[in-house]
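What follows is a short report on a single structure.
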Amino acid sequence: MDDTTHQQYWDSRYAEHHHMWSGEPNAVLVQEAADLEPGTALDLGCGEGADAVWLARRGWRVTAVDISGVALERAAGHAEEAGVADRVDWQRRDLAVSFPEGSYDLVSAQFLHSPADMPREEVLRAAAAAVAPGGILLVAGHAGPPPWDPDAHPGVHLPTPDEVFESLALPEGDWEVLRSDEHERVQTAPDGRTMTRTDNALKLRRRAR
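In this text, residue positions in the sequence shown follow this note's numbering: the first is 173, and each later residue adds one.
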């Protein structure tokens, strides 16, 4: 799937729904960033913008990236409604092709999975490289398919936190592991049932030079 088709895939996915996500920030981000001193943040695969808006409302200056123009248009509207439009730079990018410039105090990749072909390991290595000294890399992912659809996304590998850490190939001694675990959370299935899903999280701090 080339980048144009990849964009079309996600645009059509978003266009099928008035909103595709809950509108609430991801729980792992809230847990792990609530006590951080606001600075600059990079939100990879920002979707409809709930994480970016949450960060901006807490005083962060956010660069938020997604491949879908449909999602970004909604995200910008949510930022406007929240009064933080001037604190978020929305960028449409295919991360398989280009990555935002600069360094950031927080780089967040929440559920950066795609049934379309995406070099996730390369993207996450670029994410680590974009973390400023003393800054945080936060990666959250699914540990398995949704319980209401065990056969969903059969071609997508869902790595463990240890696998994510190994794939980053970080220089020894430059990073501190603050969190690496699996955890359960409650999620509402498409038919309205409440079910438990297992996710994982990896939080790293780049040591200040």
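Backbone N, C-alpha and C define an ideal beta-carbon position, used for all residues, glycine too. Small disclaimer: the values here were computed from a predicted structure and weren't measured.
- Straight across, the Cα-Cα distance linking E273 with A324 is about 34 Å.
- Our two residues, A373 and V256, have alpha carbons roughly 27 Å apart in a direct line.
- Residue environment: S240 is assigned as buried (16 or more neighbouring CB atoms within 10 Å of its CB, all protein chains considered).
- Classified as buried, A281 has 16 or more neighbouring CB atoms from the shown chains inside 10 Å of its CB.
- Each residue's CA atom was taken as its position, placing A301 and S275 some 8 Å apart.
- DSSP places V295 in the helix class (H, G or I) of the three-state scheme.
- DSSP places W226 inside the alpha helix (DSSP H), whose first and last residues are 222-229.
- Assignment of alpha helix (DSSP H) within the segment 292-351, counting only whole runs of 4 or more residues, yields 292-301, 333-340 in chain order.
- About 7 Å separates the CB atoms of G306 and R378; that is less than 8 Å, so the two are in contact.
- Apart from sequence neighbours up to five positions away, the residues of its chain that approach M290 with a beta-carbon distance below 6 Å are A268, ordered along the chain.
- Approximately 5 Å separates the beta-carbon atoms of D215 and A224; this is inside 8 Å, confirming the contact.
- Under the Cβ criterion (8 Å, minimum of three pairs), the segment 352-359 counts as touching the segment 331-341.
- In summary, R365 is exposed, with fewer than 16 beta-carbon neighbours lying within 10 Å of its beta-carbon over all protein chains present.
- DSSP lists E356 as the beta-bridge partner residues of T370.
- Positions of the alpha helix (DSSP H) runs, each at least 4 residues long and wholly inside the segment 251-295, cannot be given because no such run exists.
- Its Cα nearest to that of P362, the residue W320 stands out among A380, D238, W232, W320.
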